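Novice: Here it is: the structure, laid out below.
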Amino acid sequence: MTPLQQYVAEEIAVDHADGLMSRREALRRLGLLGVGLTAATALLAACSSDSDSNTEASATSSPDGSADAAPPGLDTALPTEAITFAGPTAELQAAWAAAADPRGAVLVVHENKGLTDHIRSVAGRFAGVGYSALAIDLLSEEGGTATFADPAEATAALTKATPERLVADMKAAIDELQRRVPGTKVGAIGFCMGGALVWRLLGSGEQRLSAAAPFYGPIPDGSDLTGANAAVLAVYAELDARVNASRDAATAALDKAGLTNEVVTVAGADHAFFNDTGQRYDPRAAAQIWPKVLDWYGKYLS
Numbered sequence: 001m002t003p004l005q006q007y008v009a010e011e012i013a014v015d016h017a018d019g020l021m022s023r024r025e026a027l028r029r030l031g032l033l034g035v036g037l038t039a040a041t042a043l044l045a046a047c048s049s050d051s052d053s054n055t056e057a058s059a060t061s062s063p064d065g066s067a068d069a070a071p072p073g074l075d076t077a078l079p080t081e082a083i084t085f086a087g088p089t090a091e092l093q094a095a096w097a098a099a100a101d102p103r104g105a106v107l108v109v110h111e112n113k114g115l116t117d118h119i120r121s122v123a124g125r126f127a128g129v130g131y132s133a134l135a136i137d138l139l140s141e142e143g144g145t146a147t148f149a150d151p152a153e154a155t156a157a158l159t160k161a162t163p164e165r166l167v168a169d170m171k172a173a174i175d176e177l178q179r180r181v182p183g184t185k186v187g188a189i190g191f192c193m194g195g196a197l198v199w200r201l202l203g204s205g206e207q208r209l210s211a212a213a214p215f216y217g218p219i220p221d222g223s224d225l226t227g228a229n230a231a232v233l234a235v236y237a238e239l240d241a242r243v244n245a246s247r248d249a250a251t252a253a254l255d256k257a258g259l260t261n262e263v264v265t266v267a268g269a270d271h272a273f274f275n276d277t278g279q280r281y282d283p284r285a286a287a288q289i290w291p292k293v294l295d296w297y298g299k300y301l302s
C-alpha cells in the first residue's frame with residue numbers, strides 16, 4: 001500500500017477498535033482500499049489489541065456547558081459558493097467564502113472524506129472573521145466528492161491519487177487564492193489526512209504560505225521543511241496515539257528548518273475532535289483551539 005492508503009487503513013482499524021464502526025463495515029472499507037481479507041483481519045486484531053491496552057477514554061463531556069454551544073465560529077460564518085478553476089491536469093472544484101474586507105486568505109484542506117458540508121463550513125467560518133477562504137475538493141479529477149454516493153468509495157478513490165498530484169492541486173488553489181485576494185498573505189489549514197497534506201505542501205518547498213495549521217495529521221517520513229517560510233501551529237490531540245507517534249519528527253523538522261512554530265497538544269481530546277459532524281467531536285477542545293488558530297493567523301497573516 002501507499003503511505004496514504006496505509007494511513008487510511010489504520011484509521012479504519014482504529015475506528016473499529018474504538019467501537020465507531022462494525023467489523024463488517026471495517027472489512028468492507030479495507031477491501032475498497034485493496035487490503036486482502038487476511039491482512040485486514042490481522043490489522044483489525046492488532047488495533048483492537050492496542051485499544052484494549054489503553055485505558056484512557058476520550059473526554060467529550062463539557063461540564064462548562066460548551067456541549068450545548070454552537071461549533072466555534074459558526075455563529076458568524078458566511079455562506080460559501082461552489083467555484084471551479086484551472087488545475088494542472090483537470091478543472092478543480094472548491095467551496096469559496098469571501099470576507100467583506102479580507103485581511104488574509106486561507107486554503108482549507110479536507111479530511112479523507114472529501115469536500116463535505118463540515119469543511120465548507122470551516123471556510124465560511126474563516127470568512128466570517130476576515131479571512132477569505134477556499135476549501136479545495138481533492139477529488140475533482142474523479143468528478144468531485146458529490147459524485148460518490150458511498151463515502152467509503154470517495155475515501156478509497158482519494159487514496160489512489162499520488163501525493164504529487166495532490167500537492168500540485170493545492171498549489172493551484174494557492175494560485176486561485178492569490179488571484180481572488182491579491183496583495184494578502186496566504187495560510188493553510190488541514191484536518192486528519194488534510195493535516196498530513198499540509199505537511200506535504202510545506203515539504204514541497206512552497207514559499208507562498210505565511211502560516212499553516214495542520215490538525216492531527218502525521219508528517220510524512222523524512223520530511224524536509226527547509227524550503228518553507230510559514231509560521232506553523234501544529235495541533236495534536238492527547239488521546240490520538242497513532243498520529244502523536246509522528247509529533248517528535250514534526251517538531252524536529254520544524255526546528256531544523258528554522259521555522260517559527262508552536263506544537264499544541266489538546267488535553268483530553270482525541271483524533272478529529274474539531275469535526276462537529278463526527279463521532280469524536282469534542283466541543284470543549286474545539287472551543288479551546290479555534291481562538292488560538294485565529295490568534296496565530298492574526299499574527300502571521302494579517
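For the sequence shown, position 52 matches number 52 in UniProt numbering, and the numbering has no gaps at all.
Cβ atoms here follow ideal geometry from the backbone N, Cα and C, with glycine treated the same way.
Predicted model, so just to flag it, every value in this text is computed and none were measured.
(1) Rounded C-beta distance between I189 and V106? I'm assuming under 8 Å.
(2) So M170 and V109 are in contact, right, with Cβ under 8 Å, and what is the actual spacing, rounded?
(3) Ends of the beta strand (DSSP E) at E11?
(4) Would you kindly work out how many angstroms separate the C-alpha atoms of T260 and A196, rounded to a whole number?
(5) Ordered along the chain, which non-local residues of its own chain (more than five positions away) have a Cβ less than 7 Å from that of L74?
(6) Is the distance from the Cβ of F273 to the Cβ of A237 below 8 Å?
(7) Apply the 10 Å Cβ neighbour rule to Q93 and answer buried if 16 or more other Cβ atoms are within range, or exposed otherwise.
(8) Rank T38, L134, A99 and P71 by C-alpha distance to the C-alpha of A127 and give the top, closest one.
(9) With a Cβ-Cβ cutoff of 8 Å, do D224 and A253 count as a contact?
(10) Near P79, which residues of its chain fall below 8 Å by C-beta distance, leaving aside the five closest residues on each side in sequence?
(11) Out of curiosity, what's the CA-to-CA distance linking P214 and T145?
(12) Near N244, what residues of its chain come up, given a Cβ to Cβ distance below 7 Å and the 5 sequence neighbours on each side ignored?
(13) Compute the beta-carbon to beta-carbon distance between L294 and V129, rounded to the nearest angstrom, for a pair I have assumed lies under 8 Å.
(14) For A257, tell me which candidate among I83, T226 and A287 has the shortest Cα-Cα distance.
(15) If you draw a straight line from the C-alpha of A211 to the C-alpha of A42, how long is it?
(16) Rounded to a whole number of angstroms, what is the C-alpha to C-alpha distance between I289 and H118?
(17) Does the beta-carbon of P182 have 16 or more other beta-carbons within 10 angstroms, so that it is buried, or is it exposed?
(18) Helix or strand or just coil, what does DSSP make of G34?
(19) In the DSSP assignment, find the beta strand (DSSP E) that holds T84 and state where it starts and stops.
(20) Taking the C-alpha atoms as reference points, what is the distance between L177 and P102?
(21) Scan the segment 173 to 251 and note each continuous alpha helix (DSSP H) run of 4 residues or more that stays entirely inside, going in chain order.
(22) So, are the CB atoms of A95 and A135 less than 8 Å apart?
(23) Roughly how many angstroms lie between the CA atoms of G278 and L20, to the nearest whole one?
(24) Suppose contacts are defined by Cβ-Cβ distances below 8 Å. Is A86 in contact with A13 by that definition?
(25) Taking the Cβ atom as the reference point for each residue, do F38 and T159 lie within a distance shorter than 8 Å?
(26) Beta carbon of A286, beta carbon of P71: below 8 Å?
(27) Please state whether the Cβ-Cβ distance between G34 and A40 is less than 8 Å.
(28) Measure the CB-CB distance between A228 and Q207 and report whether it falls below 8 Å.
(29) Identify every residue that forms a DSSP beta bridge with D137.
(30) Does DSSP classify E25 as helix, strand or coil?
(31) So who's on the other strand from V106, going by DSSP bridges?
Specialist: Taking the geometry as given:
(1) 6 Å
(2) 7 Å
(3) Looking at the DSSP string, E11 is not in any beta strand (DSSP E); the run it does join, the alpha helix (DSSP H), is P3 to A17.
(4) 19 Å
(5) S121 and R125
(6) yes
(7) buried
(8) A99
(9) yes
(10) A97 and G124
(11) 22 Å
(12) Y236
(13) 6 Å
(14) T226
(15) 40 Å
(16) 17 Å
(17) exposed
(18) coil
(19) E81 to A86
(20) 12 Å
(21) 193 to 203 and 241 to 244
(22) yes
(23) 10 Å
(24) no
(25) Sequence check: residue 38 is Thr here, not Phe. For T38 and T159, no; Cβs fall outside 8 Å.
(26) yes
(27) no
(28) yes
(29) Q93
(30) helix
(31) A133 and G187
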